[in-house]
Structures are given as C-alpha cells and as structure tokens.
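K.L.:
The numbering of the sequence shown is this note's numbering, which starts it at -12 and goes up by one.
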Amino acid sequence: MIRRPHPSLLDLYDALLLDLDGTLMHGTVPIPHAAGAVERARAAGVRLVFATNNASRTPQQAAEHLALVGVDAEPAEFVTSPQVASRLLAERLGPGAKVLVVGGPSLAEQIRLEGLEATFEDEREVAAVVQGWSPDLNWERLAEGSYAIRRGAYWMATNIDATLPTERGMAPGNGSMVAALRHATGVEPDVAGKPEPGMFTVAAQDIAARRPLIVGDRLDTDIEGAVRAGMDSLLVLTGVNTVEDALRAEPVRRPTFILPDLAQLAAPFALPVVDGDEARCGAVSATWSGGDITINGPAQDPRVLRAVLALLAAHSAEAAWDGQLIEAGAAAKQAARTS
-12 MIRRPHPSLL DLYDALLLDL DGTLMHGTVP IPHAAGAVER ARAAGVRLVF
38 ATNNASRTPQ QAAEHLALVG VDAEPAEFVT SPQVASRLLA ERLGPGAKVL
88 VVGGPSLAEQ IRLEGLEATF EDEREVAAVV QGWSPDLNWE RLAEGSYAIR
138 RGAYWMATNI DATLPTERGM APGNGSMVAA LRHATGVEPD VAGKPEPGMF
188 TVAAQDIAAR RPLIVGDRLD TDIEGAVRAG MDSLLVLTGV NTVEDALRAE
238 PVRRPTFILP DLAQLAAPFA LPVVDGDEAR CGAVSATWSG GDITINGPAQ
288 DPRVLRAVLA LLAAHSAEAA WDGQLIEAGA AAKQAARTS
C-alpha cells in the first residue's frame, strides 16, 4: 500500500501571522531559512501578515527593514502595536484629542494618522499617554509621561515585551521602560499589542483567514496572544524561549507546535494522534504515566515534541506540567537495573 505524504503546515493553514524580531531577524541580521520560508508561503498561496509589537517603525519602515534581511513584504501586510494602540485611542478619545507620545517619531506619526494630535511634552490638554519602544527614549521623555499619568491622563502601552532581540543579544524592550513609569506612578497601563488577542483577531479578519497559524519566538507575547485568540501557534527556537520553557509553561502560554526554525515550513508535517495515554506522531510516540511522559524517539525530534504537547493538552489542560520527560531507552535500562 502506498502511503500519501503528510501535508505541510502550508497545506494545513490558510494564513501565517508572523512575528518579526527573533522570528525573521535579529536586528539587522537575518535568521537562517526565514526569507525562504516566506517565499515558499507566498508561492503556496498562503496569506501573510507581519504582526509586530515593535513601535519604532511605521509599516513602510518595517517593510524596508525586512528587505534588508531578504524578506519581501508590503506595508499593507503589517499589523503593528502602534496601529492597534492608535485605533483604540481614537475610538476612546475622539478626533483631535491630544496624546502625549512616550516613544519615537513613528509612533507620533501613527497617532496623527488616526486623527489625533501628538505631542512630546505634557500640558493641561493632554488626554492620554501612549508609550512605545524607541532607541532614543530618555529620562526627559519618561518624566513627561509620568507628569501626565500622575495628573490623571489615560495610559496605553503599545506592548510590554521585557526584552528585544538584537544582533548583540537581548536588550531592554518596551516593557522594561513601561516598568519604570509603572514604578514611578503606581498606575497600570492598558496594553494594545501582544499578548492581547486583538492584534491577531483584527489581522485574521482583515484578510478573511479561516485557519491562521501564529508564528513567533516568545511565549509571553506571540503564543499567549494566539491562545487567547483561539488560534493555533508555532514556537520557533530562534529567539527568546526554549523547548523546556514551552513544556513547562502555563496552558495560556503553551504552543501547538515547536520547530527549531522555519526551514521545514513546506515539508511534510505529521500531526499527533492521541489515544488515551498515548500520542503518536509519525514513527514516534509519547506515553503519559502518572504525570510523567515517556518518549519513544529522540527528545529533539519535532515529532516527539508534537506528541508531548498533544498529551499535555489532553492531560494537563488546566495547569503547568511539572512531571518528568523520560526517554524509553533510559526507562528500560533503569527497569533492568532494578529487576
């Protein structure tokens, strides 16, 4: 009997909602296989949205930056946290309201595009503060935000990412700067970007995607946002989080799939099948036993990880997993030693 090849992720999903930093590039350094994966997705007719929390670039600037790392993208394909924040502020405040920008020029431009007035200094007419990451954000800009927030202005952060992947490593992200204002004012901001699900739901609606896949490197933004939006997710191990992080995460931050990178996006992709305490994925399997999971296959095999994640979804859907991952060979050797 001839077996049909497994479908690829590009066959299983009609859209990819892709993170940028840590998924497609590190600063100005391209991540291997990312550009090729985007090209293959386009060739397969899969719709693309580049969903980013980065508030330092407009969609046009973000598209130009992706071009530097070999990824072709159009400004209309972007959904950014500044766009979402500006829309939410416009709905809340009404046309012409004055918004204090604790961030860079691109965030101010996005505020103006929504019919609001952007300013960088606090004054009595300021109705809201919007905060987004900028490489030149300094004490003076943070102080202006503190004055306005303490005076009662509404505060929205584009995102609360603690770190930002760069070509030199992890740098402080917008969440670290938000923490400074939170500490100074005692106020908690509303958040526009990931992990709030709005970025993904709006993006999927805009392109009429019926089965989108969220792709990212962070559990606390990309994956949590996907879970909260009710969408499947793929964690790539090219940025912030590791396999161990993912397997031990709270369910709201647990990915559907894990891959080392985007190299195999168009390759046959076996899906796990759960039967009671056993999950099979292609030629490998995993078995649940009293909270521990025994794997029959290499621990680094993505198919093994799919089987493990499927068991966690079935048996640890409400809590983080605290069991042990046991390789079948090691378990057999231990049993032989104790027999």
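Just so you know, even glycine gets a beta-carbon here, dropped at the ideal spot from N, CA and C. Values in this document were obtained by computation on a predicted structure and should not be read as measured data.
So, is leucine -3 buried or exposed, given that buried needs 16 or more other C-beta atoms within 10 angstroms?
P.N.:
It is buried - the Cβ of leucine -3 has at least 16 other Cβ atoms within 10 Å.
K.L.:
Using a threshold of 7 Å, state whether the C-beta atoms of threonine 225 and isoleucine 18 are closer than that.
P.N.:
Contact: yes.
K.L.:
When you compare the region 30 to 41 with the region 145 to 161, are there three or more beta-carbon pairs, one atom per stretch, that lie closer than 8 Å?
P.N.:
Segments in contact, yes.
K.L.:
Please list, in chain order, all residues of the same chain as aspartate 279 whose beta carbon is under 7 Å from its beta carbon, the five residues on each side excluded.
P.N.:
For aspartate 279, where only same-chain residues beyond five positions count, the Cβ hits under 7 Å are Gly310, Gln311, Ile313.
K.L.:
Please list the terminal residues of the continuous alpha helix (DSSP H) segment that includes tyrosine 134.
P.N.:
Note, tyrosine 134: alpha helix (DSSP H), 126 to 137.
K.L.:
Nearest by alpha-carbon distance to alanine 114: which of Trp120, Glu104, Leu206 is it?
P.N.:
For alanine 114, the nearest C-alpha among the options comes from Glu104.
K.L.:
Along the chain, where does the alpha helix (DSSP H) that runs through isoleucine 98 open and close?
P.N.:
Residues 92 to 100.
K.L.:
So, alanine 266 versus proline 259, is the Cβ gap smaller than 7 Å?
P.N.:
Yes, the pair counts as a contact, with Cβ atoms nearer than the cut-off.
K.L.:
For the alpha helix (DSSP H) that alanine 44 lies in, which residues bound it at each end?
P.N.:
Note that residue 44 is arginine in the sequence shown, not alanine. Note, arginine 44: premise wrong, no alpha helix (DSSP H); not H, not E.
K.L.:
How many angstroms separate the CA atom of leucine 222 from the CA atom of glutamate 112?
P.N.:
Rounded to whole angstroms, leucine 222 to glutamate 112 spans 44 Å at the Cα level.
K.L.:
Which same chain residues end up closer than 8 Å to proline -8 when comparing Cβ atoms and leaving out the 5 residues on each side of it in sequence?
P.N.:
Excluding positions up to five away in sequence, the list reads Pro255.
K.L.:
To the nearest angstrom, report how far apart serine 93 and leucine 4 are at their CA atoms.
P.N.:
Roughly 22 Å between the two C-alpha positions.
K.L.:
Starting from glutamine 118, trace the beta strand (DSSP E) both ways and give me its first and last residue.
P.N.:
113 to 118 is the span of the beta strand (DSSP E), which, as asked, contains glutamine 118.
K.L.:
Can you tell me whether arginine 267 is helix, strand or coil according to DSSP?
P.N.:
It is a strand residue.
K.L.:
Compare the Cα-Cα distances from glutamate 64 to each of Asp209, Ala300, Met186, Ala257 and report the closest residue.
P.N.:
If we check each option's Cα against that of glutamate 64, Met186 comes out closest.
K.L.:
Under a three-way DSSP split, which group does leucine 103 fall into?
P.N.:
Here leucine 103 sits in coil by DSSP.
K.L.:
Look at alanine 28 and alanine 196 and say whether their C-beta atoms are less than 7 Å apart.
P.N.:
Going by C-beta atoms, alanine 28 is not nearer than 7 Å to alanine 196.
K.L.:
According to DSSP, is leucine 7 part of a helix, a strand, or is it coil?
P.N.:
Leucine 7: coil per DSSP, three-state reduction.
K.L.:
Of the residues Leu206, Arg79, Arg198, which one's Cα is nearest the Cα of valine 33?
P.N.:
Out of Leu206, Arg79, Arg198, Arg198 has the C-alpha closest to the C-alpha of valine 33.
K.L.:
In this structure, what does DSSP give as the bridge partners for lysine 181?
P.N.:
In the DSSP output, where bridge partners are listed per residue, lysine 181 has none listed.
K.L.:
What three-state label does DSSP hand glutamate 154 in the structure shown?
P.N.:
The answer is coil: DSSP assigns glutamate 154 none of H, G, I, E or B.
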